[in-house]
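K.L.:
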Amino acid sequence: DNAGLVKWVNQQPLANPLVCLGDGHDGIWNLFVEIGPTIFRQEILDWYHLMENLEKIGGSGQRLARVKALFWSGKVPEALKEFDDWDHPRVDNFRAYVTKHRHRIVNYSYYQAEGISIGSGEVESTVHRRRHG
């Protein structure tokens with residue numbers, strides 16, 4: 029029950045900033061919108077899901093490595109510019125994904141150095157283990 033979960037979470041003491049890490053699925057972001065004051069909430073797109081979507085493009089390994097390095101530093105416009113000469117539906121889909129989540133793409137290098145999680149895999153694994161024993 030999402031409403032019950034949101035109510036319970038909002039009754040807990042929340043961090044400031046409240047880091048909300050998600051994989052890009054609308055359902056999770058819709059939940060986060062209801063948790064804590066907007067001014068304290070920092071939404072982060074999961075690094076590994078961002079890279080998973082980047083890998084779907086395919087193409088030159090060198091280009092993908094450059095783009096990955098740019099995203100790692102939070103340089104979104106520079107990363108997308110790497111695809112300006114490539115007209116392909118996979119690139120269009122990736123651009124749309126990045127544009128939709130632009131405000132959630134951070135300087136991952138900095139966040140990792142500060143000890144702030146940049147991937148939701150640990151949480152996903154814990155949930156999976158608890159559900160499936």
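The sequence shown begins at 29 in my numbering and counts up one residue at a time. Cβ atoms here follow ideal geometry from the backbone N, Cα and C, with glycine treated the same way.
Please say whether Phe122 and Asn81 have beta carbons closer to each other than 7 angstroms?
P.N.:
yes
K.L.:
Between the segment 40-48 and the segment 67-75, are three or more C-beta pairs nearer than 8 angstroms?
P.N.:
yes
K.L.:
Hey, Ser145 and Ser101 are a contact pair by Cβ (cut 8 angstroms); roughly how many whole angstroms apart?
P.N.:
Not a contact, Cβ separation roughly 18 angstroms.
K.L.:
So, helix, strand or coil for Ile144, using DSSP?
P.N.:
coil
K.L.:
Please list, in chain order, all residues of the same chain as Leu42 whose beta carbon is under 6 angstroms from its beta carbon, the five residues on each side excluded.
P.N.:
Gly64
K.L.:
To the nearest angstrom, report how far apart Ala107 and Met79 are at their CA atoms.
P.N.:
12 angstroms
K.L.:
Checking 7 angstroms against the spacing of the C-beta atoms, do Gly52 and His129 come in under that value?
P.N.:
yes
K.L.:
Beta-carbon within less than 6 angstroms of Phe68's beta-carbon, same chain only, minus the 5 sequence neighbours each way: which residues are those?
P.N.:
Asn44, Pro45 and Leu46
K.L.:
Where in the segment 74-156 do unbroken runs of the alpha helix (DSSP H), each at least 4 residues long, occur, reported from the N-terminal end onward?
P.N.:
Runs found: 75-83, 89-100, 104-109, 117-128 and 136-141.
K.L.:
Let me know the secondary structure DSSP gives Val61 once reduced to three states.
P.N.:
coil
K.L.:
With a threshold of 8 angstroms on Cβ separation, who are the neighbours of His131 within its own chain once the five nearest residues in sequence on each side are excluded?
P.N.:
Glu71
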